[in-house]
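In UniProt numbering, the protein residues as written are 1 to 258.
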Ligand SMILES: Nc1ncnc2c1ncn2[C@@H]1O[C@H](COP(=O)(O)OP(=O)(O)OP(=O)(O)O)[C@@H](O)[C@H]1O
């Protein structure tokens, strides 16, 4: 479905993508990688926002750059979402839907799907990050495109909404998805293919069953309690909210307000 051959995108001296060759099949693909690794750049090359510095990318066999006919087959939610500020969510979605040949009914369908209805008639400049994310998801799904690109669809939304987004993606069997997400673990059960991009290069690409172990090694969060905590040379925690550095006066630590 997506073929990249020695794909490069440079911004001055920054090599955002530095020779990526990868084939992404139909289905649901998850793109993973460290911050600044080149994932969003890859997505913007696939959606025709950027033109490659060198190499080639094809989607459904066609070059996306300057290709309105191909882009009409995509839905895209970028991260962070960008909208005009002084229109309402409904006005924006209506304008967007009309540009794709859809009307108010489709606006309400996607707004209900992502629970945008409670704030759809408010101006976008008053939206929270989660509201902006839900509006951007609704926009990407207008007209049930063949291929939907989602950059961080689970960022800034609450747990219930995350579950809902995952269910919606899973339920759309005829739609292909390319999803960039640092919150990857809840997506693994519904994903077919995984691509890892780091430092502008392809790190791995394969069926989820074949690469899951490697992915876990690379991305399982290592954040946790320090092993030093509680050891003899570490500061000891006494009473709640009170830390005692070795050899010093007790240090008052204000407990967070609940
Ligand atoms: N328009 C741009 N102009 C200049 N540099 C850019 C531009 N877009 C991306 N970059 C740079 O290219 C590199 C790759 O960025 P990219 O946004 O593709 O990474 P990413 O993998 O999506 O990162 P993250 O996980 O942090 O979103 C970074 O060094 C970034 O600063």
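The beta carbon of each residue, even a glycine, is placed where N, CA and C say it ideally should be.
Quick caveat: nothing in here was measured; it's all calculated off a predicted structure.
Partner residues in the beta bridge of residue 88, as assigned by DSSP, are 123. Short note on residue 83: C-beta not closer than 7 Å to any heavy atom of ligand 1.
Contact between the stretch 213-223 and the stretch 57-71 is absent: fewer than 3 CB-CB pairs across the two stretches fall below 8 Å. For residue 180 and residue 132, the gap between their C-alpha atoms comes out near 17 Å.
Inter-residue distance for residue 26 and residue 201 is about 22 Å (C-alpha atoms, whole angstroms). Nearest to residue 126 by alpha-carbon distance, out of 145, 89, 117, is 89. Just measuring C-alpha positions, the residue of 47, 142, 87 sitting nearest residue 151 is 47.
Of the other Cβ atoms in all chains shown, fewer than 16 fall within 10 Å of the Cβ of residue 51; this residue is therefore exposed.
The beta carbons of residue 161 and residue 134 sit closer together than 8 Å. Taking C-beta separations shorter than 8 Å and ignoring five residues to either side along the sequence, the partners of residue 6 in its chain run 19, 20, 21, 54, 55, 56, following chain order. Secondary structure at residue 187: helix, using DSSP grouped into helix, strand and coil. In this structure residue 68 does not touch residue 102 by the C-beta definition: roughly 17 Å separates them, more than the 8 Å allowed.
In the three-state scheme derived from DSSP, where H, G and I count as helix and E and B as strand, residue 130 is classed as helix. Exclusion of the five residues before and after residue 122 leaves 88, 89 as the residues of its chain whose Cβ lies within less than 8 Å of its Cβ. Around residue 70, the same chain offers 62, 64 as residues with beta carbons nearer than 6 Å, after the five sequence neighbours per side are excluded.
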